[in-house]
Every structure is written in structure tokens, then in C-alpha cells.
Amino acid sequence: MGIISLLKYSSSAYPPSHPKHAINPQTKPANPTNLHLHVKIRNYEIGDTEKIAKLFYDTVHEVNIRDYTTAQVDAWAPADTDIQTWMQSLSSKFTFVAEEGDIIAGFGELEANGHIDRFYCHKDFQRQGVGKLILTQIESKAQELGLKKLFAEASITARAFFETQGFMVIKKQEVERRGQKLINFVMEKYL
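Quick note: to get the numbering used here, add 436 to the position in the sequence shown (first position is 1).
Put into C-alpha cells, the structure is as follows:
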């Protein structure tokens, strides 16, 4: 698998907690827009599991919360994460990881039938092209597998992203997670 990279020049390319923001207050950078984001896409490794599970939890609780209630996000991404179950699930699919340095910026899973299962970007890497990079790798793998179509159940939050990437809504549906009903959208894209 080839490495896909993204260089993005922006003063906000790094999350606020990134060491790149640790600038001596006595000196000003010569060019504050000189910061860049370098993301590479690679295959999932077992050692990624805890970071991915945390990314999932944080994203649902800090990003998806704008479209769902607290009770819904708690049911969707509970605090009691079973790392072994995550490891088995991530290993059973074609799972791609977006990485910027030692930070996992996102991940996406493709099943052999064209289903995109989990697809999440780190809360600090939203709207920076990370999702598009992951999806590009998923599409490449799908074509390699001879698939003609991709499909997903996109959250209210993710629907706009998938639409901009050529997916169409097939139907709106209500699913149940741990006693909570959540709205999502069955979406598909022909390759």
C-alpha cells in the first residue's frame, strides 16, 4: 500500500496541544503561517487500538454531541471500552489509520462487501482533509477488491462529509444503541 500524504499550510494546522505551538513568548516566528500538517495513511496496527478507541470516544462526545443528546452519545460511545473487542473488530476489516507524527488523526474501516463501518476523524483534525485522505485509501482498496459500490450508515454529523465525497442518501433510519434511538443515513457511492 502506498503512503498518502497531505501538506496543509495554516496557522491552525496543529491542534493547540501540539508542541509546535510551544513558541517562546519573547520571540515571534518569522512566518506564523509556516506551520504545516503532514498526515500519512497506513494500515492499522494492533498497537493503535487504545488510541483509536479514545479517538472514537472523544469524537463522539465532543463533535457528534452537536447533533445528538448526551444520553445518545453515551449510548453510542460508552466510557467502558473493551480494548480486546476493538482489537478483534479493527483487525477483521481493512482498517486505515491517518497519522500525524505520533497522533492518530483519524481512521476508517472497509469490509469486504463495500461497507464502510467506523469512520472517524480526531476532534482536533476536523475539516483539514484527513477524512478525504482516509476515504481515498478506502476507495482505492475497494477498487482493488473489484467492488462497484461503497455504502455506510452516516451520522447526522457525517452526512455532509459523505455527500461532498459523492455519496447519496438512500434512506434516513433510526437505530437503537443501548436503549437510545439515534438517527443516521444509509448512504452509497458507485465507484
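Built from N, CA and C at the ideal position, the CB exists for glycine as well.
Note that this is a predicted model, so its numbers are computed, not measured.
| Check | Outcome |
| --- | --- |
| Val499 beta carbon less than 7 Å from that of Val509 | no |
| Nonlocal neighbours in the same chain, by C-beta distance under 7 Å from Glu486, ignoring five residues either side | Ile519 |
| CB of Gln616 within 7 Å of CB of Ala511, strictly | yes |
| Per DSSP, the bridge partner or partners of Lys667 | Absent from the structure is residue 667, since the part of the chain shown begins at 437 and ends at 627. |
| Heavy atom of the ligand PLP within 6 Å of Phe587 beta-carbon | Questions concerning the ligand PLP fall outside what the structure shown contains, since it holds no ligand whatsoever. |
| Cutoff 8 Å; reference Ala515; Cβ partners in own chain excluding five residues on either side | Tyr493 |
| Three-way DSSP call (helix, strand, coil) for Asp553 in this model | strand |
| Outcome for Leu581 when other beta-carbon atoms lying within 10 angstroms are tallied against a minimum of 16 | exposed |
| Inter-residue Cα distance where the pair is His474 and Asn620 | 32 Å |
| Neighbour-count burial assignment, Tyr480, 16 or more Cβ in a 10 Å radius | buried |
| Helix, strand or coil at Lys529 according to DSSP, with G and I counted as helix | coil |
| Cβ-based neighbour list, Arg595, same chain, cut-off 6 Å, excluding 5 preceding and 5 following | Phe621 |
| Span of the alpha helix (DSSP H) around Lys592 | Per the sequence shown, residue 592 should be read as Ile rather than Lys. That run of the alpha helix (DSSP H) goes Ile592 to Thr600. |
| CB-CB length for Gly397 against Phe597, believed under 8 Å | Outside the shown range of the chain, which is 437 to 627, sits residue 397, and nothing can be said about it. |
| Three-state secondary structure assigned by DSSP to Tyr626 | strand |
| Check whether Ile503 and Thr593 have beta carbons under 7 Å apart | The sequence given here places Asp at residue 503; Ile does not occur at that position. In this structure, Thr593 lies closer than 7 Å to Asp503 by Cβ. |
| N-terminal and C-terminal residue of the beta strand (DSSP E) that Lys608 is part of | Met604 to Arg613 |
| With 16 other Cβ atoms within 10 Å as the buried cut-off, status of Leu627 | exposed |
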